[in-house]
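A.B. asks: Per our numbering, residue 1 is the first one in the sequence shown, and the count goes up by one each step.
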Amino acid sequence: MARFSTPLRRTLAVSAAVVIGMSGFGIGALPATASPVPVPAEKSLPKASADDKVKIGSVESGEAYDQFIVTYKASAKEAGKSSRAKAWGKAAKAAGVSVKEMRAMATGSFVVKADKKLKGNGAKEFMADIAQSGLVESVEPDAIMKISMTPNDTRYGEQWHYSGTNGMRLPSAWDVATGEGSIVAVLDTGITSHSDLNANVISGYDFVSSSASARDGNGRDANPQDEGDWYAAGECGGSYSGSSSWHGTHVAGTVAAVTNNSSGVAGVAPDAKIQPVRVLAKCGGSLSDIADAIIWASGGSVPGVPNNPTPADTINMSLGGGGACGSTYQAAINSAVSRGTSVVVAAGNESQNASNSRPANCENVITVAASNPSGAPSYYTNYGSAIDVTAPGGDTRYAGQGVLSTINTGSTTPSSQGYSFYQGTSMATPHVAGMVALMKSVNPSMSPAAVETALKQGTRAMPGGCNIGCGAGLVDAAKIMNAMEGTDPTPTPDPEPSGNLLKNAGFENGSEYWTANRADTFETGSAARSGNGLAGLNGWGNSNTYTLDQKVTIPADASAAQLEFYLHVLTNETTAYSQYDKLTVQVLDNYGTYNMGSWSNLDASSNYELQTVDLGNFRGKTVTLRFKGVEDSYQATLFRIDDASVTMN
1 MARFSTPLRR TLAVSAAVVI GMSGFGIGAL PATASPVPVP AEKSLPKASA
51 DDKVKIGSVE SGEAYDQFIV TYKASAKEAG KSSRAKAWGK AAKAAGVSVK
101 EMRAMATGSF VVKADKKLKG NGAKEFMADI AQSGLVESVE PDAIMKISMT
151 PNDTRYGEQW HYSGTNGMRL PSAWDVATGE GSIVAVLDTG ITSHSDLNAN
201 VISGYDFVSS SASARDGNGR DANPQDEGDW YAAGECGGSY SGSSSWHGTH
251 VAGTVAAVTN NSSGVAGVAP DAKIQPVRVL AKCGGSLSDI ADAIIWASGG
301 SVPGVPNNPT PADTINMSLG GGGACGSTYQ AAINSAVSRG TSVVVAAGNE
351 SQNASNSRPA NCENVITVAA SNPSGAPSYY TNYGSAIDVT APGGDTRYAG
401 QGVLSTINTG STTPSSQGYS FYQGTSMATP HVAGMVALMK SVNPSMSPAA
451 VETALKQGTR AMPGGCNIGC GAGLVDAAKI MNAMEGTDPT PTPDPEPSGN
501 LLKNAGFENG SEYWTANRAD TFETGSAARS GNGLAGLNGW GNSNTYTLDQ
551 KVTIPADASA AQLEFYLHVL TNETTAYSQY DKLTVQVLDN YGTYNMGSWS
601 NLDASSNYEL QTVDLGNFRG KTVTLRFKGV EDSYQATLFR IDDASVTMN
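Laid out in structure tokens, this is it:
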């Protein structure tokens, strides 16, 4: 039997459905009159006494200081500015810095400033040298104090997803920023009145064009009130009925619930503003409504709708459906991103590869998977190479382990306010949207690409492990904000990759450096993406398994690592729904085999397409990368691989 050659065309069914489930204080500019103080020859200064005890302040680990508080002895203090300079003149020379006296303090001490920061032992030695002058009573760093925010919200202790061992480590991030000045548009079911939200809610819009679904008696309007998305049996394509979810209200609470108000819950970005944009109602929402809402929320123009007076810098979309991204979604997303708006989307809750869910599989979005309180992927979350980062999504199978946020208590129409534990990638996504609000409150000019890079670099390895593809890892708010503190308005460009760790990555030398279980894996000819060589797995139309391996060592000091390869899938399978033949990328180490991403006959295309697999969790390890192709006994599917690379930052 000949290997597969020509594929049949296939079509993808698509649908839209709901995925339910202070700034730190800085030092001001120097006065214009400040200048280096010369060390004069003095007649009135007392002699240094080695017996005098001087109080020397402590140095915090990892901190650097350029300002110090000096308390002089009375004789030195009264001798004048030039005389006081004698106390730190030799110390400055030894430390290699130029020092200025800035001002007197109400306590009687003086602030002096070096022209560069001194860290650790450098700061200690500088202060010790000042003490040795015999002219001072004490010297200590002019340390920066920050807000230490522990919310007093009554149910904050139940929000494990913020401060728990496997949460986002938000408390330290709040010492840097709380989201002031940021606007997050929540494209969802709308919003209901809630005392833990109202102060942070700004005007939004209702984009639900179907009055029957909207239940508000009209089409689009300026009122994003959630009228309830309940439905009767048979109304939404199923035999069962459903109560109202108040999904948008729950998502909004995670983004920016009013915090430190001695009531309810805290939000990720407690001083950010929420812009409710209603796109979902009974039975979900239409792609056309959602696309228009994306453009409007980011400041674009929508026919028949007044322009948004307060465009959002971040969009949260805890919604999705099956199928390819499509031109409508992608055009709307690209439009928003071109205006500087970051688009954060849910990966989906079908426990499948996120490449099969939209808008999770669209370009220019930040796709979020869900973790549970154990720090592992939640049982329902989608996964794979489309995932960018993971955030807490909860697990309501166990008491108190969902994500706690604001809701309405009505089973159909709005009633009273309340709180509830939900689970889903819908709950993980607003954690990341709120995180972006914190970032943009520090640096409003960050581009969406810079935001995504900072998020990925600010993750930590999944505490509970992940062998299915969790993106760069679990978002770590403290790590991100500490890295951002004091950053320049223009983000530093990403470093260039340090080179390809794979050898013979384009298969130009056949099997050299590769190990395969089938000799016909290595091919030559015009089917190659570049050059003359490629790898071809399966393609026979009978039951068979191909493996293609190469061992690599990923440096421990790499900030990120990824496998990239070009894949061309050809198939004779005619189904648009079933994965009969599958290619899986695996990583093997001394402890096990981890599935990092998979593709199937459903991913057939006319050309090679670039695929990316995150390898960040394997930094510091020598591992085997494996392409594993499995074909069933019916129609043929051929997986062509070319131009692979393993790069790091």
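Cβ coordinates follow ideal geometry from the N, Cα and C atoms, glycine included.
Would the region 363-373 and the region 330-347 be scored as touching if the rule is three or more Cβ pairs under 8 Å?
C.D. replies: Yes, since at least three Cβ pairs between the region 363-373 and the region 330-347 fall closer than 8 Å, the two stretches touch.
A.B. asks: Just how far apart, CA to CA, sit Pro491 and Leu602?
C.D. replies: Along the sequence shown, read from residue 1 onward, the residue named residue 491 stands at position 491. Along the sequence shown, read from residue 1 onward, the residue named residue 602 stands at position 602. For Pro491, the predicted structure reports a pLDDT of 34, less than 50, and the residue's modelled location is therefore unreliable. A value from the coordinates is still provided. Whole-angstrom Cα-Cα distance: 39 Å.
A.B. asks: Would you please state the rounded distance, in angstroms, between the beta carbons of Ala297 and Ile274? I believe it to be under 8 Å.
C.D. replies: Taking the first residue of the sequence shown as position 1, residue 297 is located at position 297. Taking the first residue of the sequence shown as position 1, residue 274 is located at position 274. Actually they are not in contact, since the Cβ atoms of Ala297 and Ile274 sit about 12 Å apart, beyond 8 Å.
A.B. asks: Which class does Arg197 belong to by DSSP, given the choice of helix, strand or coil?
C.D. replies: For the purposes of this step, residue 197 is taken as residue 197 along the sequence shown, with counting starting at 1. The question names Arg, but residue 197 in the sequence shown is Leu. Coil at Leu197, not helix or strand.
A.B. asks: What are the residues that DSSP puts in a beta bridge with Lys116?
C.D. replies: In the sequence shown, counting from the first residue as 1, residue 116 sits at position 116. The partner list for Lys116 (beta bridge, DSSP) is empty, contrary to what the question assumes.
A.B. asks: Answer yes or no: do Thr612 and Ser385 have a C-beta to C-beta separation smaller than 9 Å?
C.D. replies: Along the sequence shown, one-based indexing puts residue 612 at 612. Along the sequence shown, one-based indexing puts residue 385 at 385. Closer than 9 Å, so yes.
A.B. asks: Using a 10 Å radius around the Cβ and a threshold of 16 neighbouring Cβ atoms, would you call Pro306 buried or exposed?
C.D. replies: Sequence index remark: in the sequence shown, residue 306 carries index 306 (1-based). Burial call: exposed.
A.B. asks: Could you check where the alpha helix (DSSP H) with Pro430 kicks off and where it finishes?
C.D. replies: As a first step, residue 430 must be located in the sequence shown, where it is residue number 430. 425-442 is the extent of the alpha helix (DSSP H) around Pro430.
A.B. asks: On the three-state DSSP scale, how would you describe Thr453?
C.D. replies: Along the sequence shown, one-based indexing puts residue 453 at 453. It is helical.
A.B. asks: Is it the case that the region 283-301 contacts the region 412-429, given that we only count it when at least three CB pairs across the two stretches are under 8 Å?
C.D. replies: At 8 Å Cβ cutoff, the stretches do not touch.
A.B. asks: Compare the beta carbon distance of Thr406 and Ala269 with 9 Å and say whether it is the shorter of the two.
C.D. replies: For the purposes of this step, residue 406 is taken as the residue at position 406 of the sequence shown. For the purposes of this step, residue 269 is taken as the residue at position 269 of the sequence shown. Contact flag unset, no.
A.B. asks: Should Asn200 go down as buried or exposed, given a rule of 16 or more other Cβ atoms within 10 Å for buried?
C.D. replies: By 1-based counting over the sequence shown, the position of residue 200 is 200. Flag for Asn200 reads buried.
A.B. asks: Per DSSP, what kind of secondary structure is Asp581 in: helix, strand or coil?
C.D. replies: Indexing the sequence shown from 1 puts residue 581 at position 581. Asp581: coil per DSSP, three-state reduction.
A.B. asks: Could you tell me which residues DSSP puts in a beta bridge with Val255?
C.D. replies: Residue mapping note: residue 255 aligns to position 255 of the sequence shown, counting from 1. None, per the DSSP bridge assignment.
A.B. asks: Just to confirm my understanding: we take Tyr513, look at its own chain, exclude 5 residues before and 5 after, and list those with CB closer than 7 Å. What are they?
C.D. replies: If you number the sequence shown from 1, residue 513 lands on position 513. Answer for Tyr513: Lys503, Asn504, Gln550, listed in chain order.
A.B. asks: Counting only the same chain and skipping the five closest in sequence on each side, list residues whose C-beta sits under 7 Å from that of Asp229.
C.D. replies: Here residue 229 refers to the residue found at position 229 of the sequence shown. Within the same chain, Asp229 has close Cβ partners Thr189, Ser244, Ser245, Leu280, Ala281, Lys282.
A.B. asks: Would you call Ser109 buried or exposed, if buried means 16 or more other Cβ atoms sit within 10 Å of its Cβ?
C.D. replies: Translated into positions along the sequence shown, residue 109 becomes position 109. It is buried - the Cβ of Ser109 has at least 16 other Cβ atoms within 10 Å.
A.B. asks: Which runs of the beta strand (DSSP E) spanning at least 3 residues fall entirely within the region 523-610, listed in chain order?
C.D. replies: The qualifying runs are 533-538, 544-553, 561-571, 582-588, 593-600.
A.B. asks: Give the DSSP bridge partners of Glu140, in chain order.
C.D. replies: Translated into the one-based positions of the sequence shown, residue 140 becomes position 140. Per DSSP, Ile69.
A.B. asks: Classify Ser405 as helix, strand or coil using the three-state DSSP reduction.
C.D. replies: Counting from 1 along the sequence shown, the entry for residue 405 is found at position 405. Strand, per DSSP.
A.B. asks: If I measure Cβ to Cβ from Thr647 and keep anything under 8 Å in the same chain, skipping five residues before and after, which residues do I get?
C.D. replies: Residue mapping note: residue 647 aligns to position 647 of the sequence shown, counting from 1. The answer, listed in chain order, is Pro497, Ser498, Gly499, Asn500, Leu501, Ala561, Gln562, Glu564.
A.B. asks: Looking only at its chain, what residues have a beta carbon closer than 7 Å to the beta carbon of Ser559, apart from the 5 residues adjacent to it on each side?
C.D. replies: The residue you call residue 559 lines up with position 559 of the sequence shown. Here the set comprises Gln457, Asn649.
A.B. asks: Compute the Euclidean distance between the alpha carbons of Asp557 and Arg460, then round it to the nearest angstrom.
C.D. replies: Along the sequence shown, read from residue 1 onward, the residue named residue 557 stands at position 557. Along the sequence shown, read from residue 1 onward, the residue named residue 460 stands at position 460. Going by the C-alpha atoms only, they are around 14 Å apart.
A.B. asks: Between which residues of its own chain and Ser351 is the CB-CB distance below 6 Å, once the five residues before and five after are set aside?
C.D. replies: Mapped onto the sequence shown, residue 351 falls at position 351. The answer, listed in chain order, is Tyr380.
A.B. asks: Here's a check: name, in chain order, each residue in its chain whose Cβ is nearer than 8 Å to the Cβ of Asn509, leaving out the five neighbours to either side.
C.D. replies: By 1-based counting over the sequence shown, the position of residue 509 is 509. These residues qualify, in order along the chain: Gly533.
A.B. asks: Throw me the rounded Cβ distance for the Ile387 and Met435 pair, which I believe falls under 8 Å.
C.D. replies: Residue mapping note: residue 387 aligns to position 387 of the sequence shown, counting from 1. Residue mapping note: residue 435 aligns to position 435 of the sequence shown, counting from 1. Not quite, the Cβ-Cβ distance comes to about 16 Å (not below 8 Å), so this is no contact.
A.B. asks: Can you check whether the CB of Ala516 is closer than 9 Å to the CB of Tyr546?
C.D. replies: Translated into the one-based positions of the sequence shown, residue 546 becomes position 546. Translated into the one-based positions of the sequence shown, residue 516 becomes position 516. Closer than 9 Å, so yes.
A.B. asks: Using the rule of at least 16 other Cβ atoms within 10 Å of the residue's Cβ for burial, across every protein chain shown, is Gly538 buried or exposed?
C.D. replies: Working through the sequence shown from its first residue, we reach residue 538 at position 538. Looking at the sequence shown, residue 538 is not Gly but Asn. Its Cβ being crowded by 16 or more others within 10 Å, Asn538 is buried.
A.B. asks: Between which two residues does the alpha helix (DSSP H) containing Leu170 stretch?
C.D. replies: As a working note, residue 170 is residue 170 in the sequence shown. Element bounds for Leu170: 170-174.
A.B. asks: Taking the alpha helix (DSSP H) that Met481 belongs to, which residues open and close that run?
C.D. replies: Along the sequence shown, one-based indexing puts residue 481 at 481. Run containing Met481: 477-484, per the alpha helix (DSSP H) assignment.
A.B. asks: Could you give the first and the last residue of the continuous beta strand (DSSP E) run that contains Tyr422?
C.D. replies: Indexing the sequence shown from 1 puts residue 422 at position 422. First-last of the beta strand (DSSP E) with Tyr422: 417-422.
A.B. asks: Measuring CA to CA, which of Ala272, Ser75, Ser262, Ser241 is closest to Ala256?
C.D. replies: Here the question's residue 256 lines up with position 256 in the sequence shown. Ranking Ala272, Ser75, Ser262, Ser241 by Cα distance to Ala256 puts Ala272 first.
A.B. asks: Tell me where the beta strand (DSSP E) around Gly629 begins and ends.
C.D. replies: By 1-based counting over the sequence shown, the position of residue 629 is 629. Residues 622-631.
A.B. asks: Taking the straight line between their C-alpha atoms, what separation do you get for Trp160 and Asn261?
C.D. replies: As a first step, residue 160 must be located in the sequence shown, where it is residue number 160. As a first step, residue 261 must be located in the sequence shown, where it is residue number 261. Computed Cα separation, rounded: 19 Å.
A.B. asks: Thinking just about the alpha-carbon of each residue, which of Pro463, Ser213, Leu638, Gly393 is nearest to the one in Asn544?
C.D. replies: For the purposes of this step, residue 544 is taken as residue 544 along the sequence shown, with counting starting at 1. For the residues Pro463, Ser213, Leu638, Gly393, the minimum Cα distance to Asn544 belongs to Leu638.
A.B. asks: Taking Gln417 as the reference, give the member of Asp115, Thr192, Gly465 with the closest Cα.
C.D. replies: Along the sequence shown, one-based indexing puts residue 417 at 417. Here the closest residue by C-alpha is Thr192.
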